[in-house]
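So the sequence shown is numbered by my numbering: it starts at 555 and just counts up by one. Heads up, the beta-carbon is just placed ideally off N, CA and C, and yes, glycines get one too. All remarks here apply to the structure that follows.
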Amino acid sequence: MNACFVSDVGKVRKVNEDSGGVFYNQSNQMLTIIADGMGGHKAGDIASDLTSKYMSELWEQTDAFEQYEEVEDWLLESIRKTNSLVFSHAQENQECIGMGTTIVATVYFNDVVIVAHVGDSRLYHITHEEVEQITEDHSFVQQLVNNGELTEEEAEAHPKKNVLLQAIGTEPDIEIEVNQFSWAGEDFVLSCSDGLSNKLTVNEIHDILNLNLTLEDKVNRLVSQANENGGEDNISVVLVQRKAGESQ
Numbered sequence: 555m556n557a558c559f560v561s562d563v564g565k566v567r568k569v570n571e572d573s574g575g576v577f578y579n580q581s582n583q584m585l586t587i588i589a590d591g592m593g594g595h596k597a598g599d600i601a602s603d604l605t606s607k608y609m610s611e612l613w614e615q616t617d618a619f620e621q622y623e624e625v626e627d628w629l630l631e632s633i634r635k636t637n638s639l640v641f642s643h644a645q646e647n648q649e650c651i652g653m654g655t656t657i658v659a660t661v662y663f664n665d666v667v668i669v670a671h672v673g674d675s676r677l678y679h680i681t682h683e684e685v686e687q688i689t690e691d692h693s694f695v696q697q698l699v700n701n702g703e704l705t706e707e708e709a710e711a712h713p714k715k716n717v718l719l720q721a722i723g724t725e726p727d728i729e730i731e732v733n734q735f736s737w738a739g740e741d742f743v744l745s746c747s748d749g750l751s752n753k754l755t756v757n758e759i760h761d762i763l764n765l766n767l768t769l770e771d772k773v774n775r776l777v778s779q780a781n782e783n784g785g786e787d788n789i790s791v792v793l794v795q796r797k798a799g800e801s802q
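Next up, the structure:
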């Protein structure tokens, strides 16, 4: 499979509070991470950087996983450890109190993709025909949608769209959502911060990924389009494509 990570500061903010990357364990199994430091909070860049570095270090120390359940357990345990690390750092450093970050951590395991997330950074599964959002935002507005108080369309323009109900480092305990799905052929998996998902529709994402470009050029086109559409936030993307007939 091919993977590409890009993080861009955007057109408005002076500091990039996003972090992430593509990482491999001792058996060359792949983990991708997107972490979006909480905008408007002190040291959001520290929270996301701590999260990405600590998770990747834990992953690089592991050997081959042989069962889906082992991967899920690792993701849950590692994110809990990361939350404790970030929370403790904030409590011990006055300038960091209140910092937090989202996370989308994804492991690619044979024909199955396993994703754990906290917050409103997203993961999409993209085939030639459609785009499916796998993660559900841990946000105030998404809760209103789930309760039937808002439509999806109303939620996109809601003034409290970025109010999170869950984030890494803000509380000693968190709820982590884990999902898994199958992929095949030349499917894409796209993880991103809301700097991308707030600026591009799923149709725009789908159209760009169907262009005859390299994986890197597709990621750069996504980021460029988000900037053209306003670029008010940091923009981070991990794009992974499975090659037809490939098995890890």
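Looking at the secondary structure, which residues open and close the alpha helix (DSSP H) in which residue i lies?
| i | result |
| --- | --- |
| MET609 | 598-614 |
| HIS712 | Per DSSP, HIS712 belongs to no alpha helix (DSSP H) and is neither H nor E. |
| SER638 | 622-646 |
| LEU776 | 769-782 |
| ILE759 | 756-763 |
What residues in its chain sit with their C-beta under 8 Å from that of residue i, if we drop five residues either side in the sequence?
| i | result |
| --- | --- |
| GLY799 | Confidence at GLY799 is low in this model, with a pLDDT of 49, below 50, so its placement is unreliable and no value can be given for it. |
| LEU767 | ARG775 |
| ILE633 | MET609, ILE657, ALA659, ALA670, VAL672, ILE722, ILE728 and ILE730 |
| GLN697 | LEU719 |
Could you tell me the boundaries of the beta strand (DSSP E) in which residue i lies?
| i | result |
| --- | --- |
| THR505 | In the structure displayed, the chain extends from 555 to 802; residue 505 sits before or after that span and is not available. |
| LEU704 | Segment: none, LEU704 is in no beta strand (DSSP E) and carries neither H nor E. |
| VAL569 | No beta strand (DSSP E) contains VAL569, which DSSP labels as neither H nor E. |
| ASN733 | 731-736 |
| ALA659 | 657-663 |
| GLU725 | Note, GLU725: premise wrong, no beta strand (DSSP E); not H, not E. |
| GLU740 | Looking at the DSSP string, GLU740 is not in any beta strand (DSSP E), and its letter there is neither H nor E. |
| GLU686 | 685-687 |
Check each candidate in the options and name the one with the smallest Cα separation from residue i.
| i | options | result |
| --- | --- | --- |
| MET592 | ASP761, GLN720, HIS760 and LYS772 | GLN720 |
| THR655 | GLU683, ASP599 and GLU626 | ASP599 |
| ASN582 | GLN615, PHE559, THR689 and ASP572 | GLN615 |
| ASN783 | LYS772, LYS753, ASP771 and LEU763 | LYS753 |
| PRO726 | ASN647, ILE587, GLU708 and LEU639 | LEU639 |
| GLU729 | LYS714, GLU707, ILE762 and ASP691 | ASP691 |
| LYS772 | VAL794, GLU626 and ASP787 | VAL794 |
| THR689 | TYR578, GLN580, GLY575 and GLU731 | GLU731 |
| ALA597 | TYR578, GLU620 and SER573 | SER573 |
| ILE668 | VAL699, HIS712, LYS714 and GLN621 | GLN621 |
| VAL666 | THR705, GLU703 and VAL625 | VAL625 |
| CYS650 | SER736, ARG796, VAL661 and THR724 | THR724 |
| ILE762 | LYS715, LYS714 and VAL685 | VAL685 |
| ARG796 | ASP741, GLN734 and TRP628 | ASP741 |
So if DSSP puts residue i in a beta bridge, which residue, or which two residues, is it bridged to?
| i | result |
| --- | --- |
| VAL791 | VAL560 and CYS746 |
| PHE577 | LEU585 |
| SER693 | LEU718 |
| HIS671 | VAL658 and GLU731 |
| ARG676 | CYS746 |
For residue i, which residues of its own chain have a beta-carbon under 6 Å away from its beta-carbon, when the five flanking residues on both sides are left out?
| i | result |
| --- | --- |
| GLN802 | Any answer about GLN802 is weak, because its pLDDT of 49 lies below 50 and its placement is not dependable; what the coordinates show is given next. For GLN802, where only same-chain residues beyond five positions count, the Cβ hits under 6 Å are ASN664. |
| ILE789 | ASP562, GLY564, GLY749, LEU750, VAL777 and ALA780 |
| VAL569 | ASP599 |
| LEU677 | VAL658, VAL669, ILE688, THR689 and SER745 |
| GLU770 | CYS558 |
| GLU786 | VAL566 |
How about residue i and residue j: are their beta carbons less than 8 Å apart?
| i | j | result |
| --- | --- | --- |
| ALA557 | MET609 | no |
| VAL717 | SER747 | no |
| VAL699 | ALA711 | no |
| GLN642 | ILE588 | Sequence check: residue 642 is Ser here, not Gln. For SER642 and ILE588, no; Cβs fall outside 8 Å. |
| VAL576 | HIS679 | no |
So, for residue i: in the same chain, excluding its five sequence neighbours on each side, which residues have a beta-carbon less than 7 Å away from its beta-carbon?
| i | result |
| --- | --- |
| GLU758 | GLN779 |
| THR636 | THR605, TYR608, MET609 and ILE722 |
| ALA618 | SER581 and GLN583 |
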